[in-house]
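In the working numbering, the protein residues as written are 9 to 190.
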């Protein structure tokens with residue numbers, strides 16, 4: 009939040025930052041209040057923070073659905089991370105507790121295989137029909153990128169674009185990107 013506010017004060021157009029929450033964290037009685045206080049402390053709008061929850065954290069759904077609902081009420085977007093790993097439950101998608109479905113790299117790695125591409129096509133189509141924003145994780149080559157673009161995937165992320173980097177490197181990257189646009 010501190011970094012987001014600093015960039016905002018410098019006049020940068022800031023993008024939301026995702027925070028992964030573990031299943032254990034979701035059971036802290038004051039987890040929503042903690043995040044709300046952090047946002048207030050830094051005077052940062054909730055739209056600049058996103059909460060990522062793995063599909064496996066949804067076991068014992070009732071309590072977690074309530075917490076996710078409280079985050080959403082604050083204006084924080086909720087992302088289902090690593091969708092397609094383990095035992096995916098399509099019923100979770102209909103619960104309307106997520107804004108974004110992040111497709112696991114294991115699904116993206118199947119691009120080039122007929123069955124994998126069929127599955128990916130239907131998952132993206134179904135997610136979008138349910139009103140979910142779709143993000144493909146782990147894109148590493150142009151073949152994957154082009155296929156996902158063909159499927160109108162909303163967001164594409166991965167090493168093809170950049171590896172994780174320190175904030176200073178990200179800032180330099182954004183500055184060079186903006187200067188290339190003008």
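Here a beta-carbon is modelled for each residue, glycine too, at the ideal position from N, C-alpha and C. Keep in mind the model is a prediction, meaning the values are calculated, not measured.
Length at least 3, wholly inside the segment 127 to 187: the beta strand (DSSP E) runs in chain order: As summarised for the segment 127 to 187, the continuous beta strand (DSSP E) elements at least 3 residues long and confined to that stretch are 141 to 144, given in chain order.
In angstroms with no decimal places, state the Cα-to-Cα distance between residue 136 and residue 51. C-alpha separation (whole angstroms): 33 Å.
Residue 58 by DSSP, collapsed to three states: which one? Here residue 58 sits in strand by DSSP.
Cβ atoms of residue 148 and residue 168: under 7 Å apart, would you say? Result yes, Cβ atoms of residue 168 and residue 148 sit closer than 7 Å.
Which word fits residue 175, buried or exposed, when buried means at least 16 other C-beta atoms lie within 10 angstroms of its C-beta? Exposed, by the Cβ-count rule.
Using CA atoms only, rank isn't needed, just tell me which of 152, 81, 54 is closest to residue 24. Residue 54 is the option with its Cα nearest to residue 24.
With the cut-off set at 7 Å, would you say residue 144 and residue 116 are in Cβ contact? Yes, they are a contact pair.
Should residue 90 be labelled buried (16 or more other beta-carbon atoms within 10 Å of its own) or exposed? Taking a 10 Å sphere around the C-beta of residue 90, we find 16 or more other C-beta atoms and assign the residue as buried.
Assuming contact is defined by CB atoms lying nearer than 7 Å, are residue 108 and residue 76 in contact in what I supplied? Taking a C-beta distance under 7 Å as the contact criterion, residue 108 and residue 76 do not qualify as a contact pair.
Just to confirm, are residue 40 and residue 12 a CB contact at a threshold of 7 Å? Their beta carbons are not under 7 Å apart, which means residue 40 does not touch residue 12 by this criterion.
Taking the alpha-carbon of residue 106 as reference, which of 82, 134, 56, 60 has the nearest alpha-carbon? Nearest to residue 106 by C-alpha distance, out of 82, 134, 56, 60, is 60.
Quickly, what does DSSP pair residue 111 with across the bridge? List them, please. DSSP lists 91, 144 as partners of residue 111.
What do you reckon, are the CB atoms on residue 146 and residue 166 nearer than 7 Å? Yes, they are a contact pair.
Helix or strand or just coil, what does DSSP make of residue 26? Here residue 26 sits in strand by DSSP.
Per-residue DSSP class, three states only, for residue 119: Note: residue 119 maps to coil in three-state DSSP.
Who are the near neighbours of residue 162 in its chain, counting only those whose CB is closer than 7 Å to its CB and skipping five residues on each side? Hits under 7 Å: 141, 142, 143.
Can you list, in chain order, the residues of its chain whose CB lies under 6 Å from that of residue 31, leaving out five sequence neighbours each side? The beta carbon of residue 31 is closer than 6 Å to those of 65 in its chain, skipping five residues each way along the sequence.
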